[in-house]
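If you read the sequences in order, they're chains A and B. My numbering puts the first residue of the first sequence at 1, with every later residue one more than the last. My numbering puts the first residue of the second sequence at 1001, with every later residue one more than the last. Virtual Cβ for every residue (Gly too), placed ideally from N, Cα, C. Worksheet for the structure shown next.
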Amino acid sequence: MKVEPATSPLLALLAGFISELRAAGLPVSLTENLDAMEAIQHIPIEDRDAFKYALAATLVKNHAHWRAFETVFEVYFSLRGAEYDLIDGEWPEGMDLSDFVDGMDGQQRRQGGGGGEAMSAEQLAEMLFQALMRGDDALMRAIARQAVQRYAGMEPGRPVGGTYYLYRTLRNLDLDGVLERLMDQARQDAPGDLTPLEERLERDEFEARVDQLRKEVEAEIRRRLVADRGVEAMAKTLRKPLPEDVDFMHASREEMMALRRAIYPLTRKLAVRLARKRRHGRKGPLDFRNTMRHSLSYGGVPAEPKFRYPRPAKPEIMVVADVSGSVAAFARFTLHLVYAISNQFSKVRSFVFIDGLDEVTSFFEGVDDIGEAVHRVNAEADVVWVDGHSDYGHAFEVFWERYGKDVGPKTTVMILGDARNNYHASQAWILKEIEHRARKVFWLNPEPGAYWDTGDSIVSEYGVHCDGVFEVRNLRQLEGFVENLV
Amino acid sequence: MSFSFADVDSVRKGLGDVQYLADEGIAGVVYLAERLQKPVLVEGPAGTGKTQLAKSVAEATGARLIRLQCYEGIDESKALYEWNYKKQLLRIQAERQGEDPEGEGMWQQIEDDLFSEEFLLTRPLLEAIRAAEPVVLLIDEVDRVEIETEALLLEILSDYQVSIPELGTVAASQIPLVFLTSNNTRELSEALKRRCLFLHIDYPDLDREKEIVLAKVPGVGESLADQVARIVRSVRQIELKKAPSVSETLDWARTLVLLGVEHVDADTAAETVNILLKYRSDIEKALKEFASSDEEFAAPVASS
C-alpha cells in the first residue's frame, strides 16, 4: 500500500518538529531524520497513533527521552485531527447526555442532549463522577474539555503558563473529593465489607482513571494554548530538561520522582560497566612462572605466553556530605550512587553534617534497599549542633577530631556541598591536613560554576586544598564523576 | 518485493493468531521494520516478551528463526563465520598423498579450493544472510557484548551483507527481519542505534495484561484473570527492587489455576506471592502494603 508522497506542508512541519526535538536535547541524526520521512510514507497519515509510533521508532532511541518526545509531539500535532476540532467546547454530536445523567434527581435532569454550555456545575460534577465510575473514556474526554472551557478562564494572549490554568481547572473539579466519593460508592456496591486488598485494588483503579482525566485536561489546555500562541512559542515554553540533565538543586517534586526512578537503572548500569572494566583490564607484563608451567604441555616450548593481570587496588572512600536543605537532594543521590557500587571499593564510610557531624556508615551496612537507608539518614542522623545552618568549619573540626586518624594513604575523601558557610570560620587548614594524609580529596559542588564564590560561598578557599573541585549538577555529571573515581 | 503484512492491523492479527498480543506501538514498529527493511532494537524490562516478539513474528510469517545469543567475549568466529581448518588440513593431506604438487600453479589451485564455501562454517549472522527462504534473525541481549564487538554487527545491520576477506562480500539473497533485544544494562553505541528502529516494550496495561493471561493460561476464568491483572498492576506501583514481569504474572495465574482458586483474597495472595516477587525485601514490602488498614490509603492522590 503506497500512500501518495508526503506533501510539502507536512515536510515543513516535520522539519520544525525535528529541530524542536533537537532543541529539547534529543540527539536526532540526519539518517534518523530521513528514516522518519520515509517511515511516514508507509502509514496512513490520518491514523494519529500510528503516525506517532512511526516517528518515535525512528527518532527516539532512548526510553528516557520518551516523555520529552511526547510533549513535543502533542504540541506539534495537537490540532491536526478531526476529533480535536472542538476548540469551542461544543458537545460532540451523537452523545446524548440523558444517557449519562440517569443517576441524578428528576428536576436536575437535562431536557435532551445538546450543547454542554447550559449545564450547571453540579451536573458536570455528577457526570464526571459517572464517567469515572464507569471508566468511560469518550465521556471523560468530553468532560475534560467542558471543564477547561468553564473553569480555566483562559484568555487569549495572557502570558501565564499552562500550569496556572491546570491548577484552576483541577481545583474546581475537586478530584480528591471525587475519588473519595468513588470509594464510598465502591464500598456500598460491594456485597460485604471490602478487605484491605480489595480496597486497595479499587483505589488503584480509580486513581488510574482520575489520572487519565487529569491528562485529558492537560492535553486540552495545551491544545488551546497552541491555538492561541502558535506551535513554536508553545514548544519552547514546554521544553523541559531530560531526566539526566535535571538540576539537583532546582528539581520540582515531579522531577525528583523521575530522578529517583532514573537512579536505579543508572546504578545498575554503572555497576555492570565498572565490573567489566575491572575484568577486562589491559594485559600486564609477562608472567614467567605461569608461562613455564603451561609450556610443559607443549614439551617445554613456551607456546602459550601468560601475562600478569594488573589488579588495581580498590580505593577506600569517605563521603562527607552536607545535608542541609538546599543541597540535601544532591547528597542523597550521591550517597545512593556510591553505595550502589560499593563493591568497587574496599571500604565506604559516610558522614553527614549541617553544623554538626555524624557518621552514618552503619545505616548502610547489611541493608539491601539503599533508598531506605538514605531515607533513614535524613530522619535519624544527628547533624545539628547549634542552629541548623550549614557550618562547614565546625563540621570539619568535628570530623578531624573524631575520624582524622582514620584518613590514610589509601583513602579518597569526597566532600559534597555548596560551600555556603553562612560566614562562619572556614577552618580550611583541616582540609589541608586531610589532603596531606589522604590519597585524593575531591569536592563536588551542585551549584553551577558561575555562582561559586558569590555571597557566602567559599568554595575556592577550600578548593586550593583539594585535588579537584567538580561541578556536579545533574545525573549525567554525577555518573561521569563516579565512573572516573574507580 | 512482497510483504507478509498488508497493514498495521494485519500485523496485530497475525501476531494474535500465534498468541502474541501486540499493542498499537509494537505492531506499528514491526510493520515499519518490514517496509523500511530496518532492524528493530527492542528494549525494556526483563520478562516483557522481547524475545517472544521475534519468535512470534517468525511463527506468524512462517519464517525460520535464527538466533544469536550474545554474551561477553563473543567474537567473529562465533557470530559470523569460521574456516573449518580441520577439514582444510585433511584436504591438504589428501592432496599430498595423491601426487606431488608440481610447482606454483598447483598450490594456487589448492589454496583456492581451501578457501571456498565448502570449508566455511557459517555462524548465525552469515547463515541468516545466506538463507534462501525468509528468515527472522534474533540477536538476543545485544547489550552483553563489549562495545568493540558491536562493530561486528554494523555491516550486517545496515547493508545486509558480510565481507569475508578470502571470499569477497556475501550479500543477502533476501532481507531478513532482524530483532535485537537489550536489557539496557549499558548504553548501546550511537552507530548501532542509528541503524535500528527503536521499540520500548513496557509492562502491559491492565486490559492487555488480562488478555495475555486469558490467552496464555489454559483454564483461567475471566474474573480471575481480571483480578490477577489488577493485583499485579498494584504491586508494580510499589517501589520494588524487581517489579513482577509478565512471565511471572503468567506463572502466578497458572499456580492459582492449579490450586483451584477462583477468587484471590488477601490470604491466597500472601501465600503465593513468592511466585510473583523474588526478593525477600520486596515480598515483605508488598505484604505490608496490602495488609495495612484503610487509613493509610486515605492519603491524597499523588499530585503528579
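Open item on the list: Strictly under 8 Å for the Cβ-Cβ distance: is Glu1043 of chain B near chain A by that measure?
Closed with: Closer than 8 Å: yes.
- [ ] Go through its chain and collect everything with a Cβ distance to Ile1275 of chain B's Cβ below 8 Å, but skip five positions before and after it.
- [x] Glu1248, Asp1251, Trp1252 and Thr1255
TODO: Closer than 8 Å by beta-carbon distance: list the chain B residues that pair up with Arg200 of chain A, in chain order.
DONE: Ser1234, Glu1289, Phe1290 and Phe1297
Open item on the list: Can you look up Gly480 of chain A in the DSSP assignment and give me helix, strand or coil?
Closed with: For Gly480 of chain A, the three-state secondary structure derived from DSSP is helix.
- [ ] May I ask you to report which of helix, strand or coil DSSP gives Tyr298 of chain A?
- [x] Looking at Tyr298 of chain A - three-state DSSP - the assignment turns out to be helix.
Task: Short CB-CB distance (under 8 Å) between Asp391 of chain A and chain B - done: no
Task: Residue interval of the beta strand (DSSP E) (run including Ile415 of chain A) - done: Thr411 to Leu416
TODO: Flag this pair as yes or no: are the beta carbons of Tyr309 of chain A and Glu1024 of chain B separated by less than 8 Å?
DONE: Going by C-beta atoms, Tyr309 of chain A is not nearer than 8 Å to Glu1024 of chain B.
- [ ] Check whether the segment 1117-1125 of chain B touches the segment 1040-1058 of chain B, counting contact only when three or more Cβ pairs, one atom from each stretch, lie closer than 8 Å.
- [x] no
Task: Selection from A:Leu194, A:Asp247 and A:Phe206 that minimises the alpha carbon distance to Ala1266 of chain B - done: A:Leu194
TODO: Could you confirm whether any beta carbon from chain B is found closer than 8 Å to the beta carbon of Thr58 of chain A?
DONE: yes
Task: Cβ pair Leu416 of chain A, Ala321 of chain A closer than 8 Å - done: yes
TODO: Return the CA-CA distance between Leu201 of chain A and His375 of chain A, expressed in angstroms with no decimal places.
DONE: Looking at the two C-alpha atoms, the distance is approximately 27 Å.
TODO: Can you tell me which of A:Thr169, A:Met292, A:Gly162 and A:Arg476 puts its alpha carbon nearest to the alpha carbon of Ala233 of chain A?
DONE: A:Gly162
- [ ] Using a threshold of 8 Å, state whether the C-beta atoms of Ile317 of chain A and Thr169 of chain A are closer than that.
- [x] In terms of Cβ geometry, Ile317 of chain A and Thr169 of chain A do not form a close pair [threshold 8 Å].
Open item on the list: Using CA atoms only, rank isn't needed, just tell me which of A:Glu218, A:Leu55, A:Asp136 and A:Val472 is closest to Phe330 of chain A.
Closed with: A:Val472
TODO: Return helix, strand or coil for Glu1146 of chain B, following the three-state DSSP convention.
DONE: coil
Open item on the list: Under 8 Å, Cβ to Cβ, is there at least one residue of chain A near Gly1221 of chain B?
Closed with: no
- [ ] Report yes or no: do three or more beta-carbon pairs, one from the segment 1065-1073 of chain B and one from the segment 1130-1144 of chain B, lie closer than 8 Å?
- [x] yes
Open item on the list: Taking 8 Å as the cut-off, does the segment 336-356 of chain A touch the segment 393-402 of chain A (at least 3 CB pairs, one atom from each stretch)?
Closed with: yes
Open item on the list: Going by C-alpha to C-alpha distance, which of B:Ala1243, B:Tyr1081, B:Lys1055 and B:Ala1006 sits closest to Leu1177 of chain B?
Closed with: B:Lys1055
Task: Cα-Cα separation between Ala36 of chain A and Asp49 of chain A, rounded to whole angstroms - done: 15 Å
TODO: Enumerate in chain order the residues of its own chain whose CB-to-CB distance from Ala1286 of chain B is below 7 Å, with the five nearest sequence positions on each side excluded.
DONE: Val1235, Ile1238, Val1273 and Leu1277
- [ ] Verify whether the separation of the beta carbon atoms of Ala438 of chain A and Val407 of chain A is less than 8 Å.
- [x] yes
- [ ] Can you give me the start and stop residues for the alpha helix (DSSP H) that Lys1055 of chain B sits inside?
- [x] Lys1050 to Thr1061
Open item on the list: Using only the alpha-carbon positions, how far apart do Ala373 of chain A and Asp382 of chain A sit?
Closed with: 15 Å
Open item on the list: So, for Gly449 of chain A: in the same chain, excluding its five sequence neighbours on each side, which residues have a beta-carbon less than 7 Å away from its beta-carbon?
Closed with: These residues qualify, in order along the chain: Glu471.
Open item on the list: Runs of 4 residues minimum, wholly inside the segment 314-391 of chain A: which ones carry the alpha helix (DSSP H) assignment?
Closed with: Whole alpha helix (DSSP H) segments, 4+ residues: 328-340, 361-364 and 370-380.
Open item on the list: With the cut-off set at 8 Å, would you say Thr1169 of chain B and Thr1051 of chain B are in Cβ contact?
Closed with: Going by C-beta atoms, Thr1169 of chain B is not nearer than 8 Å to Thr1051 of chain B.
Open item on the list: Using a Cβ-Cβ cutoff of less than 8 Å, which residues in the same chain neighbour Asp1009 of chain B once the five nearest sequence positions on both sides are dropped?
Closed with: Ala1027
Open item on the list: If contact is defined by three or more beta carbon pairs under 8 Å, each pair taking one atom from either stretch, is the segment 165-179 of chain A in contact with the segment 1191-1211 of chain B?
Closed with: no
Task: Within chain B, the residues that Glu365 of chain A reaches when beta carbons sit closer than 8 Å - done: Here the premise fails: no neighbours, minimum Cβ distance about 15 Å.
Open item on the list: Under 8 Å, Cβ to Cβ, is there at least one residue of chain A near His1263 of chain B?
Closed with: no
Task: Three-state class that DSSP yields for Ala1171 of chain B in the structure shown - done: Residue state, collapsed to three classes: strand.
Open item on the list: Does the CB of Lys240 of chain A have a neighbour CB from chain B at under 8 Å?
Closed with: no
Task: Min CB distance His436 of chain A to chain B below 8 Å - done: no
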